[in-house]
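Heads up, the thing below is written out as structure tokens.
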Amino acid sequence: MNAVVTVRIAMRALQRNKGRSLLTALGIIIGIAAVIAVVGVGQGASVSMKDQISTMGSNLVMVFPGSQRTGGFRGGSGTQQTLTAEDGDAILKDCPYVAAMSPIVRTGAQIVYRENDWATSIQGIGTGYLPVRSWDLASGEPFTENDMHTGVRVCILGQTVVDQLFADDDPVGKMVRIRNMSFRVIGVLTRKGSAAFGQDQDDTILVPWTTTRRVLQNSPFNNVNQLLIGLTSMDTLAQAREDIAGILRQRHRLAPGAEDDFTVIDMTEITQTITKVSSLMTVLLAVIASISLVVGGIGIMNIMLVSVTERTREIGLRMAVGARRRDILLQFLVEAVALAGAGGILGIVLGIGAALTVAQVNHWPVLISPGSVLLALSFSAGVGVFFGFYPAWRAARLSPIESLRHE
Amino acid sequence: MLIELRHISKTYRVGEIDIPALRDVTISIERGGFLAIMGASGSGKSTLLNVLGCLDRPTGGEYRLDGEEVGRLSSDALARVRNRKMGFVFQNFNLLTRTSALENVELPLYYGIPCTREERRRKALALLDRVGLSDRIDHHPSQLSGGQQQRVAIARALVNDPPLILADEPTGNLDSRAGADIMRIFKELNDEGITLIMVTHEPDIAACAKRTIHMRDGEVT
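As given, the protein sequences belong to chains A and B, one line each in that order. Residue 266 in the working numbering sits at position 284 of the first sequence; the count goes up by one each step and never skips. Quick note, the working numbering runs 162 ahead of the 1-based positions in the second sequence.
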């Protein structure tokens, strides 16, 4: 008996009991569907996080001021006011691995254009900011080095701010009011989308950092919230971090053995964290998947055993008309594999549907990789072979005489 | 001779006790013969039919079928003999449920010499026509009367063109009219040269056969 005929006989047997076949495969269907859907959403999330991290700019190192120690108490990160724009200039000058640098001073304000207003974050930046973040202007001009010294009231708007304040007008050249002071819009940023953890990166206004410090914050000091540093290459990350730390310790006159009064963070740490989280998720999913597949497989074995008992007479008859033991074994094995395989296919379809629905409703990114589909399919077929073998072996071992007499 | 049994014995072992089901049975059946086997229940007639039908191996003696010693064949080889050399007709028909008459008749062809779907269909249709059921080919067994079901079973037994038909109480579950129909078909088949062996306990059914043997305590009397 050839393979095609075996498959056809098995298929006919399953068709004779459609309802039960479907119920039997349900365990596999649900298991596979859950895995496909969750893996799709998980992979989508991880890929989009990585994408978004790359939108922050590559080769990034961030320096934050450290925490302040007062008596026995330590304040949070950034409570020390020791990090200055001059530190950044020194790093840019003295560290050969640094390509560009921008101090960042953060504040927030209501911004008004005619009758519209919008609360947003203001980032005081240096000329190095746009290149380091590889962020282009959609229109207008970037700040000049001169703007950093004169405290001139100019700004560059993010797309979200433009959307909120300017209906159809071209913002470039218009005057907006920030804290009751007039600022001239000299440029508009291109759209960057949301960042790794969901913040809208386009909901921002860029102002020269000196203007932010002197005019908006009315402060004579040059301390900043952050130094954003662009390296020439990620290959020299370790040396660059060492140099930066050395320069800062020297400038801050820290005694050997004293704690750093700053924190250096690079993107690889964030990427590593995300990779760690997503691989942990993958392991968890694999565990859930195996449990659901084992449960589904046991369901198939159970029903196949019932089916063998129920169809004892049929088995006897098939043997009487010439079926060999291996024909019977194969028939029941193919039935189990077909049940599991069909369950797998249905589960994949259902899982993709569920993932796409989730994507539609929650606007989550979803990624269904062909690899996971293939893996799910071969796994369910494997479950069929594994759990179908025992019932099939029982069927093949039956004696034709007793089977024919079975009531 | 189509069938030669020499000193066939069959002993079942239940625990420590040997139970002889057949003792020293020696019979021969010529080609074109029609043999009825009669006997009370427990007389060994079913065991004899199982041995003749290659469903069971004798514990002693020789069984030559169509010139071939089949008493010591492997179970795969016996399956092949059953498929090619004989057809079975059972008391309870043993048709596959929820399966059309046509597919039931085609069943032995799946385990025989490979043939195309068209060939299978053609053979099965011809045989269903021959037993007078050409208008019932798509009916399932539950939609057929007992007599019709037994005729489907006969068509199934004939589909591989075997020289031998074995029937176990073929009329046992039928009313007398349907039973008479079945016996008429058997006689026609026998007239065409097919050898028939039939177990029955009804004397008027046995009377249709050319020869009758009686069994008692595992022996032919």
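Don't be surprised by glycine CBs; every beta carbon is placed ideally from N, CA and C.
query: For the 8 Å Cβ check, are there 3 or more pairs between the segment 157 to 175 of chain A and the segment 62 to 81 of chain A?
result: Cβ pair count under 8 Å is below three, so no.
query: Using 8 Å as the limit for Cβ to Cβ distance, is A/Ile297 near chain B?
result: The sequence position of residue 297 of chain A within the first sequence is 315, counting from 1. Chain B places no beta carbon closer than 8 Å to that of A/Ile297, leaving this residue out of the contacts.
task: Would you check if there are 3 or more beta carbon pairs closer than 8 Å linking the segment 369 to 381 of chain B to the segment 195 to 208 of chain B?
output: Under the three-pair Cβ rule at 8 Å, the segment 369 to 381 of chain B counts as touching the segment 195 to 208 of chain B.
task: For A/Ala322, return the contacting residues in chain B, with the cut-off set at a CB-CB distance below 7 Å.
output: Position 340 of the first sequence, counted from the start, is the residue given in the question as residue 322 of chain A. Those do not exist, as A/Ala322 stays about 23 Å from chain B at its closest Cβ, beyond 7 Å.
message: I need the straight-line Cα distance from A/Asp243 to A/Asn344, nearest angstrom please.
response: Within the first sequence, residue 243 of chain A is the residue found at index 261, counting from 1. Within the first sequence, residue 344 of chain A is the residue found at index 362, counting from 1. The C-alpha of A/Asp243 lies about 42 Å from the C-alpha of A/Asn344.
task: Indicate whether at least one CB of chain A lies closer than 8 Å to the CB of B/Asn335.
output: Here residue 335 of chain B is taken as the residue at index 173 of the second sequence, counted from 1. It does not; no Cβ of chain A falls within 8 Å.
- request: Return helix, strand or coil for B/Lys372, following the three-state DSSP convention.
  value: The residue given as residue 372 of chain B occupies position 210 in the second sequence. B/Lys372 falls in the coil class under three-state DSSP.
- prompt: List, in order along the chain, the chain A residues whose C-beta lies closer than 8 Å to that of B/Asp218?
  reply: Stepping through the second sequence from its first residue, residue 218 of chain B is reached at position 56. What B/Asp218 touches in chain A: Ile383.
- prompt: When the Cα atoms are used, what is the spatial distance from A/Asp150 to A/Val144?
  reply: Numbered from its first residue, the first sequence carries residue 150 of chain A at position 168. Numbered from its first residue, the first sequence carries residue 144 of chain A at position 162. Cα to Cα, the separation comes out at about 9 Å.
field: Cβ of B/Tyr409 within 8 Å of any chain A Cβ
entry: Outside the displayed range of chain B (163 to 383) lies residue 409 of chain B, so it cannot be described from this structure.
message: Helix, strand or coil for B/Gly249? Go by DSSP, reduced to three states.
response: Stepping through the second sequence from its first residue, residue 249 of chain B is reached at position 87. Looking at B/Gly249 - three-state DSSP - the assignment turns out to be strand.
- prompt: Taking all protein chains shown into account, do 16 or more other C-beta atoms lie within 10 angstroms of the C-beta of A/Leu198, making it buried, or fewer, making it exposed?
  reply: Against the first sequence, residue 198 of chain A aligns to sequence position 216. It counts as buried.
field: Residues near A/Leu395 by beta carbon distance below 6 Å, same chain, minus five either side
entry: Because chain A is modelled from -17 through 389, residue 395 of chain A falls outside the range shown and cannot be assessed.
message: So with CB distances below 7 Å, who are the chain B contacts of A/Ala302?
response: Within the first sequence, residue 302 of chain A is the residue found at index 320, counting from 1. The contacting residues are Leu217, Arg244, Phe250.
query: Hey, B/Val267 and B/Val314 are a contact pair by Cβ (cut 8 Å); roughly how many whole angstroms apart?
result: For the purposes of this step, residue 267 of chain B is taken as the residue at position 105 of the second sequence. For the purposes of this step, residue 314 of chain B is taken as the residue at position 152 of the second sequence. Correct: roughly 6 Å between the Cβ atoms.
field: Residues within the segment 303 to 315 of chain A neighbouring chain B, beta-carbon criterion of under 9 Å
entry: Listed by position, the residues of the segment 303 to 315 of chain A near chain B (Cβ gap below 9 Å) are Val303, Gly304, Ala305, Arg306, Arg307, Arg308, Asp309.
field: Length at least 3, wholly inside the segment 205 to 247 of chain A: the beta strand (DSSP E) runs in chain order
entry: Whole beta strand (DSSP E) segments, 3+ residues: 208 to 213.
query: Alpha carbon to alpha carbon, how far is A/Gly155 from A/Val94?
result: If you number the first sequence from 1, residue 155 of chain A lands on position 173. If you number the first sequence from 1, residue 94 of chain A lands on position 112. Cα-Cα distance, rounded: 15 Å.
query: Hey, quick one: how far does the beta strand (DSSP E) through A/Pro446 stretch, first residue to last?
result: The requested residue 446 of chain A does not occur in the structure, where chain A is confined to residues -17 to 389.
message: Please report the straight-line C-alpha distance between A/Arg223 and A/Ala237, rounded to a whole angstrom.
response: In the first sequence, the residue the question calls residue 223 of chain A occupies position 241. In the first sequence, the residue the question calls residue 237 of chain A occupies position 255. Those two C-alpha atoms are separated by around 19 Å.
- prompt: Using the rule of at least 16 other Cβ atoms within 10 Å of the residue's Cβ for burial, across every protein chain shown, is B/Glu174 buried or exposed?
  reply: For the purposes of this step, residue 174 of chain B is taken as the residue at position 12 of the second sequence. At residue 174 of chain B the sequence reads Tyr, which differs from the Glu that was named. B/Tyr174 is classed as exposed because its beta carbon has fewer than 16 other beta carbons within 10 Å across all chains shown.
task: For chain B, find out if any of its Cβ atoms is closer than 8 Å to the Cβ of A/Val(-13); answer yes or no.
output: Looking up residue -13 of chain A in the first sequence gives position 5. Interface residue, yes.
field: Selection from B/Arg234, B/Leu358, B/Pro324, B/Glu354 that minimises the alpha carbon distance to B/Pro332
entry: Mapped onto the second sequence, residue 332 of chain B falls at position 170. Closest option to B/Pro332, Cα to Cα, is B/Leu358.
query: Taking the C-alpha atoms as reference points, what is the distance between A/Ala336 and A/Ala320?
result: On the first sequence, residue 336 of chain A is found 354 positions in, with the first residue counted as 1. On the first sequence, residue 320 of chain A is found 338 positions in, with the first residue counted as 1. Cα-Cα distance, rounded: 23 Å.
query: Could you give the residue range of the beta strand (DSSP E) that holds A/Gln183?
result: Position 201 of the first sequence holds residue 183 of chain A. In this chain, A/Gln183 is not harboured by any beta strand (DSSP E), its DSSP state being neither H nor E.
task: Over the uninterrupted alpha helix (DSSP H) stretch that includes B/Val213, give me the two end residues.
output: Numbered from 1 along the second sequence, position 51 holds the residue referred to as residue 213 of chain B. Here the alpha helix (DSSP H) through B/Val213 covers 207 to 214.
- prompt: Taking just the CA atoms, how far does A/Asn41 sit from A/Ser103?
  reply: Taking the first sequence and counting its residues from 1, one reaches residue 103 of chain A at position 121. Taking the first sequence and counting its residues from 1, one reaches residue 41 of chain A at position 59. Just so you know, the alpha carbons of A/Ser103 and A/Asn41 end up roughly 24 Å apart.
message: Can you tell me whether B/Arg339 is buried or exposed? The criterion is at least 16 other CB atoms within 10 Å of its CB, across all chains shown.
response: The count along the second sequence starts at 1 and reaches residue 339 of chain B at position 177. Exposed.
- prompt: Of all Cβ atoms in chain B, is any one closer than 8 Å to the Cβ of A/Leu394?
  reply: Residue 394 of chain A falls outside the range modelled here, since chain A spans only -17 to 389, and no answer is possible.
message: Tell me the residue span of the beta strand (DSSP E) that contains B/Tyr273.
response: The sequence position of residue 273 of chain B within the second sequence is 111, counting from 1. Note, B/Tyr273: premise wrong, no beta strand (DSSP E); not H, not E.
field: Sub-8 Å separation of B/Arg322 and B/Gly249 beta-carbons
entry: Taking the first residue of the second sequence as position 1, residue 322 of chain B is located at position 160. Taking the first residue of the second sequence as position 1, residue 249 of chain B is located at position 87. Looking at the sequence shown, residue 322 of chain B is not Arg but Asn. Yes. Within cutoff.
task: Anything in the segment 193 to 212 of chain B with a Cβ closer than 8 Å to a Cβ of chain A? List those residues in chain order, please.
output: Residues are counted here when their Cβ sits less than 8 Å from a Cβ of chain A; for the segment 193 to 212 of chain B these are Asn212, given in chain order.
query: Mind checking whether the beta-carbon of A/Asp33 lies closer than 7 Å to any heavy atom of the ligand SAM?
result: The model depicted lacks the ligand SAM and carries no ligand whatsoever.
- prompt: Out of A/Thr89, A/Ala(-8), A/Gly1, which has the shortest C-alpha to C-alpha gap to A/Arg161?
  reply: For the purposes of this step, residue 161 of chain A is taken as residue 179 along the first sequence, with counting starting at 1. The shortest Cα separation from A/Arg161 among A/Thr89, A/Ala(-8), A/Gly1 belongs to A/Thr89.
- prompt: Using DSSP with H/G/I as helix, E/B as strand and the rest coil, what is A/His388?
  reply: Here residue 388 of chain A refers to the residue found at position 406 of the first sequence. Three-state DSSP puts A/His388 in coil, outside helix and strand.
message: In the DSSP output, what is A/Pro85 paired with across the bridge?
response: Here residue 85 of chain A is taken as the residue at index 103 of the first sequence, counted from 1. Partner(s): A/Leu209.
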